[in-house]
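Structure, as structure tokens:
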Amino acid sequence: GAVTKFDSSNGLSVPQIGWNGCLPVKECTVLDDVKNGDKVYFVHSFCALPTDTNVDWILTLTDYGNHKYISMVAKGNVVGAQFHPEKSGPVGLAMIRSFLAAHGSMNTQEVGVIRGLNSLAELPRTVLSKRIIACLDVRANDDGDLVVTKGDQYDVREVAEHTTTGRGGVRNLGKPVALCKRYYDDGADEVVFLNITSFRQGVVEDLPMLQVLESASQNVFVPLTVGGGIREYVDADGKEWSALDVTARYFRAGADKVSIGSDAVYAAEKYLQEGLKTGTSSIEQISNHYGAQAVVVSIDPKRVYCHTADAGNTTLSSIPLSPSIPSSLHQKTIVPLLNGERGP
44 GAVTKFDSSN
54 GLSVPQIGWN
64 GCLPVKECTV
74 LDDVKNGDKV
84 YFVHSFCALP
94 TDTNVDWILT
104 LTDYGNHKYI
114 SMVAKGNVVG
124 AQFHPEKSGP
134 VGLAMIRSFL
144 AAHGSMNTQE
154 VGVIRGLNSL
164 AELPRTVLSK
174 RIIACLDVRA
184 NDDGDLVVTK
194 GDQYDVREVA
204 EHTTTGRGGV
214 RNLGKPVALC
224 KRYYDDGADE
234 VVFLNITSFR
244 QGVVEDLPML
254 QVLESASQNV
264 FVPLTVGGGI
274 REYVDADGKE
284 WSALDVTARY
294 FRAGADKVSI
304 GSDAVYAAEK
314 YLQEGLKTGT
324 SSIEQISNHY
334 GAQAVVVSID
344 PKRVYCHTAD
354 AGNTTLSSIP
364 LSPSIPSSLH
374 QKTIVPLLNG
384 ERGP
């Protein structure tokens, strides 16, 4: 067969990351419980194309960009998938269950008529689906327990008028693993954990958060992303940890991707100043080591109002406000929030 990289010259995002269809071209036991229109989770930059020499191996085809490629193969007792069945929710689990129930017996008697190569090109196209991604803000409450919380401009504490500060305990929306499982059961395509206080401590020694990931990965079969503290730091004992060390620990605990916030902003600012890639930023280190699919960027923006277009800062661009805004404020710009700081 022929393996090729997706063509990104026309703006196609590479790698392909997301949920796409698998169009069967023959029958097989492993697809018994898969319905027409079901989606599975892909993350890859290369694909195998149909040829005259591999056509009898092809089980399903998938489309991405201008490629119609092989997404599953089956021959004899061998079944293989380009996507991740273990991360494809109930559909992927159904495939694994069917394979195990047949004890790997995928013989030719269970396989239908093989199509010719020319007819494969005429099959309908599959398309990527829009994803529903649940994002859980996680932090320790005053008792030291990890909870899912949500705040108003980063203020995650309840209002308590009887206190001197007017602020009560950390808003508790539930336990991270239980809520992750609930979102998965309700059909979420991906779950993101954001450790919103990780900038105050190290990640490698943050055992509770690692345990949350380990438990979630045992019960939730869609991609898990974790963010917070993905950076180089020195722990209380003076030991240095790189962003790769932190990422490796999260991956071993069950994460599929890491999300970078503040460190991504610092890397962008440095790039704008120097005009070159150094290979030392967290994003570059992680993507070079694990692949571009392993790291995403999460930015929390806030509005900043200024009186002039440049506001004395040439690194930021400004946007004119509508005429209904008071004339004393002529421009606004968007800046990222760093290390858990609150917006106005």
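The number in the working numbering is simply the position in the sequence shown, starting from 1, with 43 added.
Quick reminder that beta carbons are idealized off the backbone N, C-alpha and C, glycines included.
Bear in mind the structure is a predicted one, so any value in this text is a computation, not a measurement.
A distance below 6 Å between beta-carbons, with the five flanking residues on each side excluded, links F236 to the following residues of its chain, in chain order: L179, V181, V269. Its Cα nearest to that of K82, the residue V265 stands out among K111, S56, V265. DSSP places S172 outside both helix and strand once states are collapsed to three, so it counts as coil. Residue pairing from DSSP places T103 in a beta bridge opposite P67, M115.
A direct Cα-Cα distance of roughly 16 Å separates G123 from V77.
A distance below 9 Å separates the beta carbons of V86 and P58. Taking C-beta separations shorter than 6 Å and ignoring five residues to either side along the sequence, the partners of S341 in its chain run G270, S302, G304, following chain order. For the pair of segments examined, the segment 284-293 was found not to touch the segment 315-323: the number of CB pairs separated by less than 8 Å stays below three. Secondary structure at V265: coil, using DSSP grouped into helix, strand and coil.
For the segment 74-98, the full-length beta strand (DSSP E) segments reaching 3 residues or more read 82-87, 89-92 along the chain. Taking the Cα of R274 as reference, the smallest distance to any Cα among G54, E257, Y293 is reached at Y293. Burial is judged here by how many other beta carbons sit within 10 angstroms of a residue's own beta carbon; I175 has fewer than 16 and is exposed. When rounded, the separation of the alpha-carbon atoms in S52 and D278 is 44 Å. Between the alpha carbons of N97 and G159 lies a gap of roughly 11 Å.
The three-state reading of DSSP puts T321 in coil, since its state is none of H, G, I, E or B. Membership of A296 in the alpha helix (DSSP H) is indicated by the continuous run 286-296.
Within its own chain, the residues whose Cβ lies closer than 8 Å to the Cβ of Q125, once the five positions on either side in sequence are excluded, are F85, H87, C90, A91, T105, Y112, I113, S114, M115, listed in chain order. Judged by DSSP in its simplified three-state form, D188 adopts coil rather than helix or strand.
In the structure shown, G123 adopts extended strand secondary structure according to DSSP, grouped into three states. V308 carries a helical assignment under DSSP once its states are collapsed to helix, strand and coil. Note on geometry: alpha-carbon atoms of R168 and P344 lie some 38 Å from one another. Spatial neighbours of L171 in its own chain (CB-CB distance under 6 Å, excluding positions within 5 residues in sequence) are listed in chain order as G61, N63. Annotated three-state conformation of E275 is coil, per DSSP. Under the three-state reduction of DSSP output, I303 falls in the strand class. Distances from the CA of L166 to each of D50, G281, R346, C65 were compared; the closest alpha carbon is that of C65.
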